[in-house]
Amino acid sequence: MASLTIRKLDEAVKAYLRLRSAGNGRSVEEEVRVILGDLIQGRPETPGPPQTPSPAEAAPRHRGPVPASGSSRVTLIIGGGIAAYKALDLIRRLKERHVRVRCVLTAAAQKFVTPLAASALSNERCYTDLFDPGSEFDAGHIRLARECDLIVVAPATADLMAKMAQGHADDLATAILLAADKPILLAPAMNPLMWNNPATRRNVAQLARDGVATIGPNAGEMAEAGEAGVGRMAEPTQIATAAEQILKPAKPQPLKGKHVLITAGPTHEPIDPVRYIANRSSGKQGFAIAAAAQAAGAAVTLISGPVDLDDPAGVDVRHVESAREMLAQVEAALPADIAVFAAAVADWRVASEGAQKLKKTGAGIPPLQLTENPDILATISKLRETRPPLVIGFAAETEHLIDNATAKFARKGCDWIVANDVSPATGVMGGDRNTVHLLTRGRDGGVDVDSWPVMTKEQVAAALIDRIASHIKSSPA
Ligand code: CTP
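1 is the number of the first residue of the sequence shown in the numbering used here; add one for each residue after it.
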């Protein structure tokens with residue numbers, strides 16, 4: 001193994017990618033084994049074009065402390081799930097970003113991928129045992145926890161997350177995670193039923209409170225035939241991008257230690273099993289606020305109606321459909337220091353949802369009796385014990401923007417209102433830009449209106465988070 005060349009490793013990676021795109025019936029491990037086997041047995045290498053190793057690849061294998069300069073270093077813990085095969089691609093994605101990767105495989109992970117494949121792709125020794133004489137005599141799990149800039153767990157199984165939330169340390173992976181003094185990024189992957197199980201929800205919330213970042217899971221089809229839902233591991237590029245964000249030099253974190261609760265997107269109110277009432281909200285503004293709050297160091301819970309957006313990295317996202325589900329999730333996520341209600345919640349739902357699809361009959365058009373949905377913003381603003389100290393609403397208006405927003409401000413009982421014109425000509429609904437006015441209470445009891453220029457939704461989010469941060473700084477603790 002010591003004589004492995006960069007080109008052979010590169011071939012192994014390419015073989016893996018070929019397999020992914022073509023699928024030739026051989027497992028990734030088999031393919032890598034063939035290539036490495038050739039090399040170990042001294043079979044001649046197939047001549048290839050000369051290759052200049054990148055600085056990261058050319059560097060000697062690292063055994064000592066983290067280098068003071070040069071590339072960042074990730075300890076990648078691969079958990080036991082079908083998504084473990086994607087962790088092999090993640091190694092490559094991280095290396096593309098000049099990140100050095102050292103892999104740890106749990107016992108269950110080794111049922112899906114082999115240490116050999118992880119080691120060949122990372123060009124590092126791969127670790128599997130807590131009591132490995134080669135590493136444990138000098139406290140291997142402590143070194144693996146410390147000699148890196150970030151620990152990534154992909155796939156993070158329900159079991160691994162439960163152990164982390166409880167502080168177990170009965171194998172190498174959990175011992176590293178318990179000994180870690182570095183940021184941790186989880187890429188959960190599990191069956192949707194497991195992801196939605198109250199026990200997993202509790203563990204996810206606990207880990208978020210402990211400052212552990214998560215990326216995904218995404219919605220989609222499961223490995224189990226016919227099963228779909230939220231539970232697929234985030235794609236390797238998404239995880240690598242999230243890791244890169246964390247590895248960036250630390251920015252000021254004015255919301256560190258704060259819990260920010262955000263609603264976003266539309267709600268869908270069922271009419272019958274196939275039809276629903278909806279609106280044109282894309283969820284982009286709420287998602288941008290969640291990402292900005294996370295970047296400012298907050299623990300963020302985002303409760304989102306149905307949207308076509310990737311979950312922001314490091315945010316605890318809870319997906320809901322209806323206004324009533326959104327309210328239940330908001331209440332479950334309390335307490336919070338700051339709550340931002342950016343969702344376009346449907347005001348009404350159908351009074352009695354059809355159990356079966358409504359059919360055309362000779363009796364004419366069915367009457368749709370509507371009933372009012374709970375007002376989430378007003379409900380939370382009126383709480384006594386658990387009201388977040390700063391509650392921010394949105395006022396989406398199509399006419400008399402400031403007048404309507406001022407009336408809404410008084411009606412809802414929140415602390416600030418972000419008013420925006422959503423009439424079709426503005427392109428705000430579904431678009432990337434927003435023109436907002438921040439309504440706050442003035443010293444004289446009146447309403448102060450601060451009108452911001454046209455900005456992207458990300459810029460609006462960053463400006464709002466800045467404003468929140470200065471408010472918190474100036475408020476008595
Ligand atoms: N909101 C809410 N629950 C509702 C309706 C609205 O939490 N059932 C929140 C929105 O998230 C937003 C604010 O209330 O922060 C205002 O929403 P908007 O749709 O602009 O106002 P409505 O209360 O629906 O009033 P109207 O339809 O008369 O404009």
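The C-beta atom is built at its ideal place from N, Cα and C for all residues, glycine as well.
For residue i, which beta-bridge partners are listed by DSSP?
i: Phe-394; result: Val-418
i: Cys-126; result: Partner(s): none; Cys-126 has no beta bridge.
i: Tyr-276; result: Pro-270
i: Asp-316; result: Thr-301
i: Pro-188; result: Ala-156
i: Leu-76; result: Cys-103 and Val-152
i: His-437; result: Ala-419 and Ser-451
i: His-259; result: Ala-299
i: Ala-344; result: Pro-266
i: Thr-498; result: Any property of residue 498 remains undetermined from this structure, which presents the chain solely from 1 to 477.
Could you spell out the range, first to last residue, of the alpha helix (DSSP H) harbouring residue i?
i: Leu-478; result: Because the chain here runs from 1 to 477, residue 478 falls outside it and cannot be looked at.
i: Ile-246; result: 236–247
i: Asn-404; result: 401–412
i: Val-449; result: No alpha helix (DSSP H) contains Val-449, which is instead part of the beta strand (DSSP E) from 447–451.
i: Arg-324; result: 323–333
i: Ala-179; result: 172–179
i: Ala-228; result: Where Ala-228 is concerned, there is no enclosing alpha helix (DSSP H), although the beta strand (DSSP E) it sits in stretches over 228–232.
i: Gln-459; result: 457–474
i: Glu-200; result: It should be noted that the sequence gives Thr, not Glu, for residue 200. That run of the alpha helix (DSSP H) goes 198–209.
i: Asp-89; result: 84–96
i: Leu-377; result: 376–381
Does the ligand CTP have a heavy atom nearer than 8 Å to the CB of residue i?
i: Ile-376; result: yes
i: Gly-393; result: yes
i: Glu-244; result: no
i: Val-345; result: yes
i: Phe-131; result: no
i: Thr-263; result: yes
i: Asn-373; result: yes
i: Glu-397; result: yes
i: Ala-342; result: yes
i: Lys-357; result: no
i: Lys-408; result: yes
i: Ala-323; result: yes
i: Lys-457; result: no
i: Lys-412; result: yes
Could you give the first and the last residue of the continuous beta strand (DSSP E) run that contains residue i?
i: Ala-298; result: It is not in any beta strand (DSSP E) - Ala-298 carries neither H nor E in the DSSP assignment.
i: Phe-341; result: 338–341
i: Glu-221; result: 218–221
i: Leu-105; result: 99–105
i: Val-350; result: 348–350
i: Glu-372; result: 370–372
Residue i: beta carbon under 8 Å from a heavy atom of the ligand PLP?
i: Asn-404; result: Here the bound small molecules are the ligand CTP; the ligand PLP is not part of this structure.
Using 9 Å as the limit for Cβ to Cβ distance, is residue i near chain B?
i: Cys-126; result: Absent from the structure is chain B; it holds one protein chain and no more.
Inspect the CB distances between the segment 341–356 and the segment 370–378 and report whether three or more fall short of 8 Å. yes
If we count Cβ pairs, one from each stretch, closer than 8 Å, do we get three or more for the segment 81–95 versus the segment 162–173? no
Below 8 Å, can you find three or more Cβ-Cβ pairs linking the segment 223–236 to the segment 253–270? no
Is there contact between the segment 358–366 and the segment 299–308, where contact requires at least three CB pairs shorter than 8 Å? no
Is the segment 195–207 touching the segment 174–182 in the sense that three or more CB pairs, one from each, lie closer than 8 Å? no
Should the segment 150–162 be called in touch with the segment 251–266, which here means at least 3 C-beta pairs below 8 Å? no
Counting pairs of beta carbons, one from the segment 75–87 and one from the segment 103–118, are three or more of them closer than 8 Å? yes
Taking contact to mean at least 3 C-beta pairs separated by less than 8 Å, is the segment 449–467 in contact with the segment 240–251? no
Counting Cβ pairs, one atom from each stretch, are 3 or more of them under 8 Å apart for the segment 270–278 and the segment 291–300? no
Counting pairs of beta carbons, one from the segment 376–392 and one from the segment 334–345, are three or more of them closer than 8 Å? yes
Under 8 Å, with one C-beta from each stretch per pair, do the segment 313–325 and the segment 280–295 reach the 3-pair mark? yes
Taking one C-beta from the segment 238–245 and one from the segment 325–336 each time, how about it: are there three or more such pairs within less than 8 Å? no
contact_flag[the segment 427–436, the segment 456–464] where n(CB pairs < 8 Å) is 3 or more: yes
Do three or more CB pairs link the segment 188–203 to the segment 124–133 at distances below 8 Å? no
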